[in-house]
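Engineer: Heads up, this note's numbering is the position in the sequence shown plus 14, with the first residue counted as 1. In this text, a Cβ means the ideal position worked out from N, Cα and C, and glycines have one as well. This structure is a prediction, so every number in the text was calculated from the model and none was measured.
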Amino acid sequence: MQSRNPSGPSGEIDPLESETNARILDHQPNGMIQGITEKGLYLIRIRTAAVGNTHSPGTSVELDTVNVLGRTRHRDLTVMAQAELREVVKGILSDNPEMCLSFYNRAGNLTLKMHSFQLLTGIGNSKALSMVEIRGRTGWDSIEALDEACEIDSADLLAERLCQEIADSHMTPNLLELLIRA
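1. Buried or exposed for Leu126, please, with buried defined as at least 16 other CB atoms from any protein chain shown within 10 angstroms of its CB.
2. In angstroms, rounded to a whole number, what distance separates the CA positions of Asn19 and Asn81?
3. Check the C-beta distance from Gly54 over to Ala36 and give it rounded, since I have them as a contact under 8 Å.
4. If contacts are defined as beta-carbon pairs under 8 Å, then Ala121 and Ser130 qualify, I think. What distance do you get, rounded to the angstrom?
5. Can you list, in chain order, the residues of its chain whose CB lies under 7 Å from that of Thr86, leaving out five sequence neighbours each side?
6. Work out the CA separation of Ala173 and Ile157 for me, nearest whole Å.
7. Does DSSP put Ala142 in a helix, a strand or coil?
8. With 16 as the cutoff for other CB atoms within 10 Å, does Leu143 come out buried or exposed?
9. Note down the Cα distance separating Ser21 from Arg89, rounded to an integer number of angstroms.
10. Alpha carbon to alpha carbon, how far is Asn188 from Gln42?
11. My output table needs one value for Gly84: the three-state DSSP class, helix, strand or coil.
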């Protein structure tokens, strides 16, 4: 991998420095790849040396084996990459359950009338209260237990919200910044 600058012009640390792997969103025949990092869920552009070889969406690549060109914006993703984003993020959450369980086990009230669970599509006040009651003091130890107890697809719901935040970084509250990148 081409070396990345550990700090930007203003001295801040490059968030990609701590990333080791990314998942493919779109791999074009010219060797250009659009992907998403596995730890911080940053959208990135990559170039591989092997033109003609393509990786399927969701395939994991080690960043030290490719040339990371830098971060990219959601609006600059190809149609293919945008279409694959949610499933790839869901795959990352499913393969790294601690990321997903961290949200569901620690989520609390945002205001007196709204719980963090209500940021997820289809979760209203009564469902959020039910989930908090089911969670109890100990929380869940697996995604499967969470999904069964709450009758939800926890990785999919969280992936949908995270993808919305990737597309619109001004969404608040921002779970990406509060949980994943914190």
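Structural biologist: Let me lay it out:
1. By the neighbour-count criterion, in which 16 or more other beta carbons inside 10 Å mark a residue as buried, Leu126 falls on the exposed side.
2. Low per-residue confidence applies at Asn19: pLDDT is 48, beneath 50, and the placement is therefore not dependable enough to give any value.
3. Contact doesn't hold; Cβ gap of about 10 Å is too wide.
4. Right, their Cβ atoms sit about 4 Å apart.
5. Closer than 7 Å at the Cβ level, and outside the excluded window around Thr86, lie Gln48, Leu57, Ile58, Arg59.
6. Rounded to whole angstroms, the separation of the alpha carbons of Ala173 and Ile157 is 13 Å.
7. The answer is helix: DSSP assigns Ala142 an H, G or I state.
8. With fewer than 16 other Cβ atoms from the protein chains shown falling within 10 Å of its own Cβ, Leu143 counts as exposed.
9. Only weak support exists for where Ser21 lies, its pLDDT of 45 falling under 50; the value from the coordinates is given anyway. Rounded to whole angstroms, Ser21 to Arg89 spans 25 Å at the Cα level.
10. Cα-Cα distance, rounded: 31 Å.
11. Three-state DSSP puts Gly84 in a strand.
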